[in-house]
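Peer 1: I'd like to ask some things about the structure below.
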Amino acid sequence: MPKQSPIPDELDRPFWAACNEGRLVIQHCTRCDRLQHPPEPTCAQCGSADNLEWRQVSGRGRIYSYAVMYDTPVTVLQADQPFNIVVITLEEDPGIQMLSHLPGTTVDQVPWGASVQVEFETTPNGQKVPEWRVVG
Amino acid sequence: MATEYWPNSRLRTKTGLGVWEHRGKVAVAGIGFAPTMRRWDGEDLSTSVGALTIVAAQKALDDAGISKGEIDGVVACPIGMGDNWGPESVTGRPYFAPPYDTEDGLIGTSADWLVKNMGLWNAKSTFHGAACFNTAMSVGAQVVGDGLANTILVIRGMGNPPGRYHQAPDTNYSGPRQWSAPFDWRLEPLIAYGFDQYCRKYGKTHDMVAPFVLNQRRNGLLMPEGYYAQHRPETPTKEDYLAARWVVKPMCIMDMDLPIQTAVAFVVTTGERARGMKQKPVYILTHCSQRGVVRSTTETLDETEAFAANIAGMCYEGSGLTARELDVFNPYDGYTLFTQYYLEAFGWHGVKRGEALDFYAGDIRVEGPHPFSSSGGNNGNGRTRSWGQYDCIQQLRGQAGRRQVRIKAETAIAGAFTPGTSDWTVYSTSPD
Chain A
197 MPKQSPIPDE
207 LDRPFWAACN
217 EGRLVIQHCT
227 RCDRLQHPPE
237 PTCAQCGSAD
247 NLEWRQVSGR
257 GRIYSYAVMY
267 DTPVTVLQAD
277 QPFNIVVITL
287 EEDPGIQMLS
297 HLPGTTVDQV
307 PWGASVQVEF
317 ETTPNGQKVP
327 EWRVVG
Chain B
222 MATEYWPNSR
232 LRTKTGLGVW
242 EHRGKVAVAG
252 IGFAPTMRRW
262 DGEDLSTSVG
272 ALTIVAAQKA
282 LDDAGISKGE
292 IDGVVACPIG
302 MGDNWGPESV
312 TGRPYFAPPY
322 DTEDGLIGTS
332 ADWLVKNMGL
342 WNAKSTFHGA
352 ACFNTAMSVG
362 AQVVGDGLAN
372 TILVIRGMGN
382 PPGRYHQAPD
392 TNYSGPRQWS
402 APFDWRLEPL
412 IAYGFDQYCR
422 KYGKTHDMVA
432 PFVLNQRRNG
442 LLMPEGYYAQ
452 HRPETPTKED
462 YLAARWVVKP
472 MCIMDMDLPI
482 QTAVAFVVTT
492 GERARGMKQK
502 PVYILTHCSQ
512 RGVVRSTTET
522 LDETEAFAAN
532 IAGMCYEGSG
542 LTARELDVFN
552 PYDGYTLFTQ
562 YYLEAFGWHG
572 VKRGEALDFY
582 AGDIRVEGPH
592 PFSSSGGNNG
602 NGRTRSWGQY
612 DCIQQLRGQA
622 GRRQVRIKAE
632 TAIAGAFTPG
642 TSDWTVYSTS
652 PD
């Protein structure tokens with residue numbers, strides 16, 4: 197389904213560039229050995245900007261919880277409602293979440309706790325965004 | 222120079238600060254609400270949000286029995302809740318002649334606008350609180366306590382211009398919203414999915430919220446100042462609630478408050494000065510603010526419950542009260558699916574984690590032993606985020622009319638907005 201397009205900035209450009217290459221990368225503090233997403237200029241734990249790197253992750257996760265949108269104010273999404281909005285947690289760190297419309301899954305039939313795999317969907321400005329699909 | 226926003230660093234945002242240094246030395250001496258309307262008609266400037274704020278402010282002054290010359294400060298939440306009026310290039314709506322030649326006075330009311338257009342010639346100190354009326358109340362309490370002003374008006378105008386509320390035609394996003402906007406992740410899905418987690422964790426269901434919503438609407442009809450009492454005196458049923466359309470499941474339209482146009486104003490002054498005014502003072506025991514930070518893209522139930530617990534901890538610590546000493550309780554209900562976090566975190570009437578929805582099934586009427594949210598809140602009166610504060614003052618004065626609770630009403634708490642970002646005020650009939 198159509199999505200609004202993100203516009204990368206200096207901070208998050210590596211994330212979006214990786215998406216365009218079909219890879220999922222997450223900011224990682226080497227000092228704290230801690231992932232953080234969305235990306236920030238500094239590590240939320242140690243406060244340092246010097247130890248942040250981009251780490252590729254498996255692209256596997258689980259469905260944490262969800263809601264079903266019936267009345268969105270977002271114009272480009274109105275033709276497709278109702279639709280699922282699902283919160284995904286990453287396999288590498290369940291504290292890291294990403295969002296999904298869960299393509300391939302019937303509205304309001306979201307299998308809570310199910311395994312999911314990332315894929316990448318192209319938005320109108322050409323930028324790809326992570327999406328997730330139930331596997332297994 | 223335009224009034225600046227009060228920084229978060231000057232709010233009470235953490236536990237461990239002890240009892241508020243101005244506990245019982247600041248009081249609410251006057252309250253006023255303007256008439257309500259669903260939307261502004263876009264033409265009648267006598268019902269603009271600026272004009273309504275003047276009406277509310279005058280009511281608060283009359284309630285306190287003082288003249289506008291006695292006001293030496295104004296604290297405003299200057300942002301309305303509706304969409305912007307202009308600019309004409311975007312909305313097709315030109316501005317008006319001064320003082321309506323900007324958004325100020327059309328969608329919200331700044332302190333500067335009120336001072337100028339109400340002729341508050343003695344109001345030398347002005348401050349802005351960013352989030353809502355409850356923020357302005359926290360700022361106002363601190364302003365008076367710190368001696369930055371003696372007798373102030375705390376105001377908020379809530380503009381709601383013609384047109385469908387908060388539509389989003391944008392096709393691109395940058396900055397923090399780029400992580401959520403493509404998926405339509407906003408506040409409403411966040412609250413709905415949080416409630417979904419809550420139900421899974423505690424074995425509850427959405428229909429269990431019905432008694433609370435219906436009681437809010439019932440209390441609202443007992444609030445003459447509220448939108449439903451003034452314009453839609455209807456009594457919805459449980460069947461109405463269960464049949465209400467989903468907005469973002471599990472949140473239905475009856476879980477959401479109705480955007481309206483109106484304004485509210487309080488007179489806040491020192492306890493000593495309040496004792497010489499017309500009404501029995503209602504003393505502020507403390508104020509506090511929650512500015513939660515989440516770990517990742519969105520808030521989890523664990524984080525929500527921790528934020529709510531922190532708010533309750535700050536309120537009790539700053540006021541010196543315990544849960545058993547809290548009489549009137551008006552937590553925010555703009556989405557009825559998060560009010561349970563507050564009820565459980567504050568432990569009002571012994572409610573513990575996971576018990577709120579069962580508590581709703583009991584007697585929560587204002588006539589009963591557990592008069593929860595006696596204001597009727599925003600669900601019962603329309604979206605202002607200030608009915609709870611208003612009700613606390615009326616209850617503690619014994620002036621709540623048909624809403625007057627039958628239990629003891631000597632202490633009260635009100636606050637809004639979400640568990641992650643909210644501001645709270647603790648009141649008492651006694652300064653001690």
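Going down the list, the protein sequences come from chains A and B.
In terms of my numbering, the first sequence opens at residue 197 and continues consecutively.
In terms of my numbering, the second sequence opens at residue 222 and continues consecutively.
All C-beta atoms in this analysis are idealised placements derived from N, C-alpha and C, irrespective of residue type, glycine included.
Compare the beta carbon distance of I373 of chain B and V489 of chain B with 8 Å and say whether it is the shorter of the two.
Peer 2: yes
Peer 1: Considering only residues of the same chain and omitting the five flanking positions on each side of Q269 of chain B, which have a CB-CB separation below 7 Å?
Peer 2: The sequence given here has Ser at residue 269 of chain B, not Gln. Answer for S269 of chain B: W261, Y321, G326 and L327, listed in chain order.
Peer 1: Can you check which of these residues, B:G366, B:F550, B:T519 and B:T521, is closest to A533 of chain B by C-alpha distance?
Peer 2: B:F550
Peer 1: Indicate whether D644 of chain B and S331 of chain B have their beta-carbon atoms separated by less than 8 Å.
Peer 2: no
Peer 1: Does I259 of chain A come within less than 8 Å of chain B when only Cβ atoms are used?
Peer 2: No, no contact with chain B.
Peer 1: Are A633 of chain B and D554 of chain B closer than 8 Å when you measure CB to CB?
Peer 2: no
Peer 1: Can you name the residues of chain A whose CB is closer than 7 Å to the CB of P410 of chain B?
Peer 2: A263, M265 and I281
Peer 1: Report the start-end ranges of each beta strand (DSSP E) in the segment 282-332 of chain A that is 3 residues or longer and not cut off at the edges.
Peer 2: 293-296, 311-318 and 324-330
Peer 1: For G366 of chain B, which of helix, strand or coil comes out of DSSP?
Peer 2: helix
Peer 1: What residues in its chain sit with their C-beta under 6 Å from that of N229 of chain B, if we drop five residues either side in the sequence?
Peer 2: R512
Peer 1: Flag E220 of chain A as yes if its beta-carbon sits less than 8 Å from any beta-carbon of chain B, otherwise no.
Peer 2: The sequence shown places Leu at residue 220 of chain A, rather than the Glu named in the question. Closer than 8 Å: no.
Peer 1: Determine the chain A residues that contact T518 of chain B at a beta-carbon separation under 7 Å, and present them in chain order.
Peer 2: H233, P234, Q293, M294 and L295
Peer 1: Below 8 Å CB to CB, which residues in the same chain sit around Q437 of chain B once its five sequence neighbours on both sides are set aside?
Peer 2: D554, T557, S594, G597, G598, N600 and G601
Peer 1: What does Y200 of chain A touch in chain B if you count any residue whose Cβ is under 7 Å from its own?
Peer 2: Per the sequence presented here, residue 200 of chain A reads as Gln, with Tyr not at that position. Here the neighbours are D391, T392, N393, Y394, A402 and P403.
Peer 1: Is W645 of chain B near the ligand NAD, judged by its Cβ being under 7 Å from some heavy atom?
Peer 2: Looking at this structure, you won't find the ligand NAD or any other ligand, since it has none at all.
Peer 1: For D417 of chain B, decide whether its Cβ has a neighbour in chain A, counting only Cβ atoms nearer than 8 Å.
Peer 2: yes
Peer 1: In this structure, how does DSSP classify H224 of chain A when only helix, strand and coil are distinguished?
Peer 2: strand
Peer 1: Whole-angstrom Cβ separation of I284 of chain A and A263 of chain A, contact assumed at under 8 Å?
Peer 2: I284 of chain A to A263 of chain A, Cβ: 13 Å. No contact.
Peer 1: For W342 of chain B, count neighbouring C-beta atoms within 10 Å of its own C-beta (all shown protein chains included) and say buried if the count is 16 or more, exposed if not.
Peer 2: When all chains shown are included, W342 of chain B counts as exposed.
Peer 1: Thinking T268 of chain A and D405 of chain B are a contact (beta carbons under 8 Å), I'd like their distance in whole angstroms, please.
Peer 2: 5 Å
Peer 1: Could you give the first and the last residue of the continuous beta strand (DSSP E) run that contains H349 of chain B?
Peer 2: S346 to H349
Peer 1: Rounded to whole angstroms, how far is the Cβ of Y226 of chain B from the Cβ of A344 of chain B, which I believe are closer than 8 Å?
Peer 2: About 18 Å; that fails the 8 Å criterion.
Peer 1: Out of curiosity, what's the CA-to-CA distance linking D283 of chain B and E460 of chain B?
Peer 2: 43 Å
Peer 1: Q363 of chain B and L522 of chain B: beta carbons closer than 8 Å?
Peer 2: no
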